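Down below is the structure, laid out as structure tokens.
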Amino acid sequence: MNRRMVVLGALLVLVLSTSACGSQKDQPAEPGMPNPAAVYCEENGGKSEIRTAEDGGQVGICVFEDGSECDEWAFYRGECQSGEQGTPAAGIANPASVYCEEHEGKVEIRTGEDGGQIGICIFEDGSECEEWAFFRGECQPGGD
Numbered sequence: 005m006n007r008r009m010v011v012l013g014a015l016l017v018l019v020l021s022t023s024a025c026g027s028q029k030d031q032p033a034e035p036g037m038p039n040p041a042a043v044y045c046e047e048n049g050g051k052s053e054i055r056t057a058e059d060g061g062q063v064g065i066c067v068f069e070d071g072s073e074c075d076e077w078a079f080y081r082g083e084c085q086s087g088e089q090g091t092p093a094a095g096i097a098n099p100a101s102v103y104c105e106e107h108e109g110k111v112e113i114r115t116g117e118d119g120g121q122i123g124i125c126i127f128e129d130g131s132e133c134e135e136w137a138f139f140r141g142e143c144q145p146g147g148d
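Every number in our numbering is 4 more than the matching position in the sequence shown, counting from 1.
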């Protein structure tokens, strides 16, 4: 009797373990939720375009019938409208670069001896700041 229970238990474990190994058919991927900014753009007469910058970053642009364009999310938040040119400068990858250019600086990427790169904000007076130091308020045009 004891041996019979052991054999039955072993068979039960074997059947359950092999049934769990059955192949499952791949389910088709469910479509994801659409980008609400792109939907808003198109619902308001614009055409959504995805643009790729030189650094590989992508940004959604809402192009209006009059040819003006806005960043999709800026349009969604009401920060720009049809007729305005609210497209961010192409290729700018970080907020420190944007901040530099918004304050009339020019961003220059420099490569150090170690191969690392650093962004420098060059101002109209010829002074320079590392862009993140300028962004944090640690450096000002004409100063250190």
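No residue lacks a Cβ here, since even glycine has one placed at the ideal position from N, Cα and C.
Predicted model only: the values in this text are computed from it and were never measured.
Within 8 Å, strictly: CB atoms of residue i and residue j
i, j, result
"alanine 137", "glycine 123", "no"
"tyrosine 103", "phenylalanine 127", "no"
"aspartate 129", "glycine 146", "yes"
Opening and closing residue of the alpha helix (DSSP H) in which residue i lies
i, result
"serine 86", "Serine 86 -> no alpha helix (DSSP H), and no H or E assigned at all."
"serine 101", "99 to 106"
"glutamate 135", "135 to 139"
"glutamate 156", "Here the chain covers residues 5 to 148 and nothing more, so residue 156 does not appear."
Euclidean distance between Cα positions of residue i and residue j
i, j, result
"threonine 115", "glutamine 121", "4 Å"
"alanine 57", "glycine 64", "11 Å"
"aspartate 59", "glutamate 112", "15 Å"
"glycine 109", "glutamate 47", "37 Å"
"aspartate 70", "glycine 87", "7 Å"
"methionine 9", "leucine 15", "10 Å"
Residue(s) in a DSSP beta bridge with residue i
i, result
"arginine 55", "Val63"
"cysteine 45", "BP columns for cysteine 45 are empty, so no partner."
"glutamate 128", "In DSSP, glutamate 128 forms no bridge with anything."
Terminal residues of the beta strand (DSSP E) in which residue i lies
i, result
"glycine 71", "Segment: none, glycine 71 is in no beta strand (DSSP E) and carries neither H nor E."
"glutamate 112", "110 to 115"
Inset, instruction - Mind the definition here: the stretch 66 to 79 touches the stretch 41 to 52 only if three or more C-beta pairs lie below 8 Å; say whether that holds. - result: Contact between the stretch 66 to 79 and the stretch 41 to 52 is present, because at least three Cβ pairs lie under 8 Å.
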